[in-house]
Amino acid sequence: MILVWLIIVLLSGGMLCWITARWRPMAAKWIALCAVLADLAILLNIWLQYGKGVQAGTGTWMIQYQTAWIPSFGISFHVAIDGLSLILLLLTFFLGTLAVLCSWKEIKSRAGFYYFNLLWTLAGISGVFVALDLFLFYFFWEVMLVPMYLLILIWGDKNRRYAAYKFFIFTQAGGLLMLLSILSLYFIHGAQSGSYSYDYFSLLNTQLEPAAAKWIMMGFMIAFVIKLPMVPFHSWLPDAHSEAPTAGSLILAGLLLKTGAYGIIRFVLPLFHQAAVDIAWWAMLFGVIGIIYGALMAFAQTDIKRLIAYTSVSHMGFVLTGIFAFREIAMQGVVMQIVTHGISTGALFVLAGMIKERLHTRDISQMGGLWTSMPAMGGVAMLFTMASLGLPVLGNFIAEFLILMGTFQANVLLTVLASTGLVFSALYSLRMMQKVFLGPVTSGEKLTDITAREMIILATLSIAIILLGLYPQTVMDVVLSKK
Amino acid sequence: MNLIYLVPLFPLVGFLLNGLCRNYLNKSLVGIIGSGSILASFIVSLIVFFDVKAGHTGVVSYFEFINLGKFAIPFAFQVDQLSSLFLLIITGVGFLIHVYSTSYMHEEENQHFARYFAYLNLFVFSMLLLVLGANYVIMFIGWEGVGLCSYLLIGYWFKSIPYTNAANKAFIMNRIGDLGFLIAIFWIISKVGSVNYADVFAHTNAFSKSDLVIVTLLLFVGATGKSAQIPLYTWLPDAMAGPTPVSALIHAATMVTAGIYMIARSNILYTLAPATMHVVAIIGLATAVFAATIALKQNDIKKVLAYSTVSQLGYMFLALGVGAYTGAVFHVMTHAFFKALLFLGSGSVIHAMGGEQDIRKMGGLGKYMPATHITFLIGCLAIAGIPGFSGFFSKDEILAHAYMSNPVLYYIGLFGALLTAFYMFRLYATTFKGAFRGTHDQEHHLHESPAAITIPLIILAVLAFAGGYVGIPEFIQPDAHSLNKFLAPIFAESMKVMPQHELSHSTEWGLTGISTLLIVIVVVAAWAKFAKKPDVEEPQGFGKVLANKWYIDELYDAIIVKPVYGLGRFCNNVLEKLVDWIVNGVGRSVQYGSRQLRLLQSGQVGSYVLFMIIGIVLFFVMQFFFKK
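Protein chains in written order, with our numbering: chain A, 188 to 670; chain B, -10 to 617.
Here you go:
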């Protein structure tokens, strides 16, 4: 039941924001902050209980809750968490809190509706991470889409309309294919067993013809790799990321992309194991293409948010490659990568947002020498630049190291190609650092270094990324209990 | 041995204090924290060293860095002869450089001064981690750490675009090498299932012959990046963009010796892979001579020294390649002394010249700055290999082993040594002898540097002279090579495997005699030539090729840098546009399709009913299909 509360808090908090903003526009952000903090507290409590993994003999699921929803169609409200979900939920509320904080000053118009959308997106995301009923999963998948679309459409930058449509259509197209696949699975399973159900555990027992499995899996896969994103289905991402408001970019990069990876791990691999093994080589190849292509694209960008967006494409390539290596070590790396990429890329977007607030541009050719006036921000930016290029002692290194170590056992050649991503990431990261923070001072105006509120956001992110790099075992212990 | 964690801890604390409180500390406090932390580390290193000498070696484990059940990477330190010796070099020379920096960097703004010392401490910390790690992953963490610090320090004056370019170049070239290291680690894990030195070296039979060659070659790729060997050496001369003490730190105490350390540490793997040994020896020798030829025609005082480092590192790899592991480590040590001395000396000169680095504008500085002059001369004598000075012993040991392996290696190596003697004394004579060629203002400004600069120089000069006496060769005095005895346990396994052949004492005397004679002739010739008439006009013909460093930078630019830029632009302007065009094309066709579909909604109830019926029929058909 506690899991349901997580979502209810967000949904009702969102409604409350919208309603109260009619009378007191300032209240909305406080309500939103309280809602995410309450959820974060609940999560931390669960983590303290189960952080060392579940006890032997109690199964892999830490908390489960199931109740009938639309029984006539075999739809139930079935939510549960295991180590993977727990980690992702923690990430969701951690970044969610920061997303509220970094909207604090940025959002001035229609704040109530803004926080409504923000919280509902978070609700959809957390729903996706806990749902164990495929219909419910699809429902949450849609819930997180629409408010995000509105966030981009209303509070985005100049080209927001194009970006929002593109985001919506891409995700929706994938979503529909997934719905078709869910329905086919539902009918096939119903025909086989006589009981029609969307429940994850029931559907796991479905016997599928290899050909049918392949097609149904492709429906899921396409939805998930669009979200991930996999090259060449990535072209919604740079537009959406660069046009979204800061919190939107943070949630998109930090959380929304992860739902794709989560979907593959939770649904595609267990439901269609053989079919997934059959496409493993191709999936790994596309992952590697993503790593290199994303990095090259990042290298060629002049818009700072677009640049960071493409680094996501590159980093998520590691996730795809790692998942389809089918090695436990690689899977551990994938989970690490999901978490650390969320933090490091999130932080870069937050930094980009702060720079944009001060300089009113995203064009890096108009920046330069910002370290001189903002040494503290420069220091933090250096830290996350290094995180993004995978420097040891910072979390991303552990993730990429484990992924590559796992894939090495699956395919040497692809691993070698993937690891060139480490050189390319150095290329684009150092270029970004140099163009933005180093070099002679270009803008004449006096810029204020980070404020206390910004310091809290950045310090939290910095500490998180360093702790993950120094003691990655915390995450691994939780995920290990998945087995 | 229980204190070993303190060695890297002090510099780490120094880094954090100076880095985080850079706005609140004044310069003298920053200097005390910065240098004091390294001094503390040095003292602990001394304790550890004598502890090790007394026979207390082993692995100290702290916590499980990564533990995945069947595979674990502990965070552990390796305390033995090799690491304790490196600790002394790193912290000892490092400390002198820190002290020197307090004076050299005094003009800097407060917060940048603190930033500088923070970076410097982090550099030493990373290097200590690299050396102390008891497995390849901890070594790799330090390995990347020194890469980061070199980037930060080379680009310390971040307002200058060329400097930050040099910093980027250093980082990226190192990264390319690191890739080799990383893949080697994966290879080792896939064969042995562990990265701990103890496990890997004990299970060399888990590798096939070709595995060993591949793994050692990949590790060597890492070494070529960090230790600036062909083909990844070009970052090191550009690294001169950083402040001069940083160059001293990179070239002497940290960073470039990492590759030597790594191979010396993995010596058993290399010994079992003779093919790789040959590659290492050839690359090392080629680098030694190649870099020496470039140094002949450089006019920037630091550039000459930079190429001489590349060249000397080449000798170290030659030593490793012919199995003279002790010789390589020996040369690391003596080189640390005299190269730190030379760089700091050049810093003192640059300081006096008001930032001028071109030796064509110097001359006759000897009489203005006697301490710098004499210590620099000692450094030159040591690097040239004049008998009695430290460089003589280590270089001689390397060349003797090269001769044992193959006389051709010896002859080419000797040729390189002659070039070294020549360019070093060209540098010395042009800078300190003859008449002053700078402006009147500069001449007026010439002065000896303060004590914080000259005292480190004097200490290093003493070491550069006397450092060689820990390795007196067998043929001069039997049983006097104490370094060899000290390091013997590290290389014991390799020595068992390697075919041992000794040169007769008369051959060794002969070789040493010939090389010494030739070197002395070259030194005298260069001294006489450049003290009288320095080489100030623009080089012509072949000299121009050398002055332009064989155009290697231009070559890399044309075959690597430009194509990568081009590829990036191609992706951005062509591929991505294509993807977008297709996507928008789909959008357009959907729009078109929906216009056609709109015709279906004709408003005629009849057709609606028709479609409804078709739909229902289809539904039943599907039901029937799935029921089966």
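Just so you know, even glycine gets a beta-carbon here, dropped at the ideal spot from N, CA and C.
What would DSSP say about residue i, mapped onto helix, strand or coil?
i: residue 265 (chain A); result: strand
i: residue 62 (chain B); result: strand
i: residue 344 (chain B); result: coil
i: residue 208 (chain A); result: coil
i: residue 67 (chain B); result: strand
i: residue 367 (chain B); result: helix
i: residue 124 (chain B); result: strand
i: residue 289 (chain B); result: strand
i: residue 244 (chain A); result: Since pLDDT at residue 244 (chain A) reaches only 46, below the 50 mark, its modelled position is unreliable, and the value read off the structure follows with that caveat. Of the three classes helix, strand and coil, the one that applies to residue 244 (chain A) here is coil, per DSSP.
i: residue 580 (chain B); result: helix
i: residue 546 (chain B); result: helix
i: residue 344 (chain A); result: coil
i: residue 15 (chain B); result: coil
Ignore the nearest five residues each way along the sequence and tell me which others in residue i's own chain have a CB closer than 6 Å to its CB.
i: residue 273 (chain B); result: 303, 306, 307 and 310
i: residue 357 (chain A); result: 413 and 423
i: residue 301 (chain B); result: 324
i: residue 434 (chain B); result: 343
i: residue 426 (chain A); result: 350 and 353
i: residue 28 (chain B); result: 84
In chain B, which residues lie with their C-beta within 7 Å of the C-beta of residue i?
i: residue 606 (chain A); result: 168, 171 and 172
i: residue 484 (chain A); result: 560, 561 and 565
i: residue 676 (chain A); result: The question about residue 676 (chain A) has no answer, for chain A in this structure spans 188 to 670.
Give me, in chain order, the residues of the same chain whose beta-carbon lies closer than 7 Å to that of residue i; leave out the 5 immediate sequence neighbours on both sides.
i: residue 256 (chain A); result: 262, 263 and 264
i: residue 391 (chain B); result: 307, 311, 398, 399 and 402
i: residue 641 (chain A); result: 541
i: residue 190 (chain A); result: 250, 252, 266, 268 and 317
i: residue 619 (chain B); result: Since the displayed chain B opens at -10 and closes at 617, residue 619 (chain B) lies outside it and no answer follows.
Got a sec? Which residues, its chain only, sit under 8 Å from residue i by beta carbon, not counting five neighbours each side?
i: residue 268 (chain B); result: 206, 209 and 310
i: residue 598 (chain A); result: 468, 471 and 512
i: residue 7 (chain B); result: 14, 19, 22, 23, 103, 104, 106, 107 and 110
i: residue 674 (chain A); result: The requested residue 674 (chain A) is not part of the displayed model; chain A covers only 188 to 670.
Given that residue i touches chain A, what residues does it touch there, using C-beta distances under 7 Å?
i: residue 100 (chain B); result: 562
i: residue 138 (chain B); result: Those do not exist, as residue 138 (chain B) stays about 11 Å from chain A at its closest Cβ, beyond 7 Å.
i: residue 10 (chain B); result: Simply none; closest approach about 12 Å.
On the DSSP letters alone, give me the boundaries of the alpha helix (DSSP H) that residue i sits inside.
i: residue 99 (chain B); result: 99 to 121
i: residue 653 (chain A); result: 639 to 657
i: residue 53 (chain B); result: No alpha helix (DSSP H) contains residue 53 (chain B), which is instead part of the beta strand (DSSP E) from 47 to 56.
i: residue 252 (chain A); result: Run containing residue 252 (chain A): none in the alpha helix (DSSP H); it sits in the beta strand (DSSP E), 250 to 257.
i: residue 320 (chain A); result: That residue, residue 320 (chain A), is in no alpha helix (DSSP H); it is neither H nor E in DSSP.
i: residue 511 (chain A); result: Residue 511 (chain A) -> no alpha helix (DSSP H), and no H or E assigned at all.
i: residue 155 (chain A); result: With chain A covering only 188 through 670, there is no way to say anything about residue 155 (chain A).
Starting from the beta carbon of residue i, find every residue of chain A whose beta carbon is closer than 8 Å, and list them in chain order.
i: residue 175 (chain B); result: 591, 592, 595 and 602
i: residue 22 (chain B); result: Residues of chain A passing the Cβ test: none, with the nearest at roughly 18 Å.
For the beta strand (DSSP E) that residue i lies in, which residues bound it at each end?
i: residue 272 (chain A); result: Where residue 272 (chain A) is concerned, there is no enclosing beta strand (DSSP E), although the alpha helix (DSSP H) it sits in stretches over 270 to 290.
List the residues of chain B whose Cβ lies closer than 9 Å to the Cβ of residue i, in chain order.
i: residue 535 (chain A); result: Here the premise fails: no neighbours, minimum Cβ distance about 18 Å.
i: residue 332 (chain A); result: Correct list: empty, because the minimum Cβ distance to chain B is about 18 Å.
i: residue 397 (chain A); result: Result: empty, since nearest Cβ-Cβ is about 18 Å, beyond 9 Å.
Could you name the residues of chain B that residue i contacts, counting a contact when the two beta carbons are closer than 8 Å?
i: residue 610 (chain A); result: 161, 164, 165 and 168
Which residues in chain A sit within 9 Å of residue i, going by Cβ to Cβ distance?
i: residue 74 (chain B); result: Here the premise fails: no neighbours, minimum Cβ distance about 25 Å.
Query - Residues in the stretch 465 to 482 of chain A having any Cβ partner in chain B nearer than 8 Å - result: Within the stretch 465 to 482 of chain A, the residues whose Cβ lies closer than 8 Å to any Cβ of chain B are, in chain order, 480.
Requested in this report: Output, in sequence order along the chain, the residues in the stretch 409 to 434 of chain A whose CB is closer than 7 Å to any CB in chain B.
Outcome: Within the stretch 409 to 434 of chain A, the qualifying residues are 419 and 422.
Query raised in the report: What are the residues of the stretch 651 to 667 of chain A that lie near chain B, defined by any Cβ-Cβ distance shorter than 9 Å?
Result: Close to chain B, meaning a Cβ-Cβ distance shorter than 9 Å, are the following residues of the stretch 651 to 667 of chain A: 657, 658, 659, 660, 663, 664 and 667.
Report task. Pull out every residue of the stretch 561 to 581 of chain A whose Cβ sits closer than 7 Å to any Cβ of chain C, in chain order. Result -> The question asks about chain C, but that chain is absent: this structure's protein chains are A and B.
Query raised in the report: Any residues in the stretch 543 to 558 of chain A with a beta carbon nearer than 8 Å to a beta carbon of chain B? Which ones, in chain order?
Result: If the cut-off is 8 Å between Cβ atoms, the stretch 543 to 558 of chain A has 556 and 558 near chain B.
Report task. Return the residues of the stretch 139 to 157 of chain B that lie within a Cβ-Cβ distance of less than 7 Å from chain A, sorted by chain order. Result -> The residues in question are 144, 147, 148, 150, 153 and 157.
**Report entry** Near-chain B residues of the stretch 193 to 223 of chain A (beta-carbon distance less than 9 Å), N- to C-terminal order
**Finding:** Nothing from the stretch 193 to 223 of chain A brings a Cβ to less than 9 Å from some Cβ of chain B.
Query raised in the report: Given a limit of 8 Å on CB to CB distance, which residues of the stretch 513 to 530 of chain A reach chain B?
Result: Contact annotation: in the stretch 513 to 530 of chain A, residues whose CB is within less than 8 Å of a CB in chain B are 515, 516 and 519.
Report task. Anything in the stretch 614 to 633 of chain A with a Cβ closer than 8 Å to a Cβ of chain B? List those residues in chain order, please. Result -> Correct list: 614, 617, 618, 621, 624, 625, 626, 627 and 628.
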